[in-house]
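Let me begin by presenting the structure, written as structure tokens, before commenting on it.
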């Protein structure tokens, strides 16, 4: 528990105890370890299974890379950073800068748009490849 000693040294005993309790409250918030194991394993193996399934059954590897890229890039660049800021403001019980909160939510929403757009383009590519591979009736 990191408490700024210089600030606490200038407080009386009651203020000191209140500061310590407030600090403990912030640090006793839920962490990633509080996530149920079955949810973590289901999501992890589900995404991994879809990746492996696509790689095994599709002829074009670019589809697999597109699927992985649509998920990972949107999460890494937009959704996770925006979520971290929103969650940290919530956990710190601060009001936060409204402009930054709005920008964070815009990042999160844009990230989901990028993700779904990327996944849609992968699905369109799969459908187009199936149509080109199927025999066409000359009639």
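In my numbering, the protein residues as written are 171 to 309.
Where is the CB? At the ideal position from N, CA and C, for every residue including glycine.
All values reported here derive from a predicted model rather than from experimental measurement.
Would you check if the distance between the CB atom of residue i and the CB atom of residue j is smaller than 8 Å?
i: residue 240; j: residue 234; result: no
i: residue 236; j: residue 288; result: yes
i: residue 244; j: residue 205; result: no
i: residue 271; j: residue 259; result: yes
Report the CB separation of residue i from residue j in whole angstroms; it is logged as a contact under 8 Å.
i: residue 230; j: residue 299; result: 6 Å
i: residue 256; j: residue 274; result: 5 Å
Closest by CA to residue i, which one among the options?
i: residue 238; options: 260, 211, 277, 293; result: 293
i: residue 264; options: 302, 277, 192; result: 192
The segment 239-250 / the segment 269-282 touching (three or more Cβ pairs under 8 Å): yes
Quick one: complete alpha helix (DSSP H) runs, 4+ long, within the segment 215-283? 231-244, 250-261
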